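Worksheet: the structure to be examined is printed underneath.
Residue numbers (the numbering used here): 958 to 1344.
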């Protein structure tokens, strides 16, 4: 029975190759590296060797060099089977060392079996022969070093890409966790505010003697409980949304929807001039516009109009939200986006700034007190487009 020596440091590859060759009727001797293969061959010379190249202790190139120098082994056909060294220069160097065949992984089992069978048949027909190295030993060592350096450089570039990919994944995970913490804090703050209101209505119901008034108070309590339930649901949604990849989101429909959620109780008109504007961001951008509109209605005084527009500038795109209310006092501008406990509107602007910062955008307020607030969101190039 024809005996084939195989060498590969990967146990799975070694097992697969052994199984394929045994399936074609060959006796197989496995080795985990070039040194082990050389010892096995010297003890019991095979009819053919099939070896990987990149292995510890002794690689396939060094094994081939020693194989072709040994009087007992040099006539035995030598085949490389590799997925690592696939450059034409690698194959040329392998052939210069005296290798009889150079096959790239992976091959289908039938194809690989056919290649090996053809080699065995060819060499058994021709009889023992020696394919001598075409270069001297010093040249082979020099070329061997060049091949290894080229491989290490290639592997170094691969590692750089892998490290960059891991770093991006870590940053993405960290960003998602930060967003999630922020969303949870937003919902918790809103829930606490509603609970405080619920306590107030509960105390009021105790003091209310009229049945009609008591029913009205109970209805208010039910509304607040419904709101709290909705906020809890939003918290669960945040847990999902915090992990959602950025996507292209059309802005004008979102702005109109957020306005409709609040304008039912307030006679504030909306002017939205954002035709076709899309931003690459998290779907929670909707909360940004909700908070801006909410802040305007709650703190803007006698606001009758809120408008949204945009224009391109050297930094990218400026998305403007402005109103005709009282505006922001100059001494409040520095702390406008700070987290101030107890103020829902203040917390809303804190969320707006934090979310936009995490998403790669910034926000500023540059309105004139007495003439309305003016918020400008700066969207960098590459994060917006017009459909």
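Ideal placement from N, C-alpha and C gives every residue a C-beta, glycine not left out.
Since this is a predicted model, take the numbers as computed values, not measurements.
Identity of the residue in 1286, 1041, 1284, 1307 nearest residue 1294 by Cα:
1307
Give me whichever residues DSSP pairs with residue 1370 in a beta bridge.
Since the first and last residues shown for the chain are 958 and 1344, residue 1370 lies out of range.
Buried or exposed: residue 1271, going by 16 or more other Cβ atoms within 10 Å of its Cβ?
exposed
For residue 1214, count neighbouring Cβ atoms within 10 angstroms of its own Cβ and tell me buried if that reaches 16, exposed if not.
exposed
Exposure of residue 1256, with buried meaning 16 or more beta-carbon neighbours within 10 Å:
buried
Span of the beta strand (DSSP E), counted from its first residue to its last, around residue 1294
Looking at the DSSP string, residue 1294 is not in any beta strand (DSSP E), and its letter there is neither H nor E.
Simplified DSSP state of residue 1268, which is helix, strand or coil
strand
Collapsed DSSP secondary structure at residue 1260 in the structure displayed:
coil
For residue 1058, write down the residues that DSSP places opposite it in a beta bridge.
1036
Look up residue 1332 in the DSSP assignment and say whether it is helix, strand or coil.
strand
Tell me, which residues are paired with residue 1229 by DSSP?
1265
Continuous beta strand (DSSP E) assignments of at least 3 residues falling wholly in the stretch 988-1053
1005-1008, 1035-1039
Give every residue of the same chain whose Cβ lies closer than 8 Å to the Cβ of residue 1041, excluding the five residues on either side of it in the sequence, and list them in chain order.
1009, 1010, 1011, 1108
Per DSSP, which residues does residue 1341 bridge with? Please list them.
1236
Given that a residue counts as buried once 16 or more other Cβ atoms are within 10 Å of its Cβ, and exposed if not, what is residue 1189?
exposed
For residue 1281 and residue 1147, what's the separation of their Cα atoms in angstroms?
27 Å
Tell me whether the beta-carbon of residue 1005 lies closer than 7 Å to the beta-carbon of residue 1077.
yes
Collapsed DSSP secondary structure at residue 960 in the structure displayed:
strand
Per DSSP, which residues does residue 1273 bridge with? Please list them.
1270, 1337
Identify every residue that forms a DSSP beta bridge with residue 1077.
Paired residues: none, contrary to the question.
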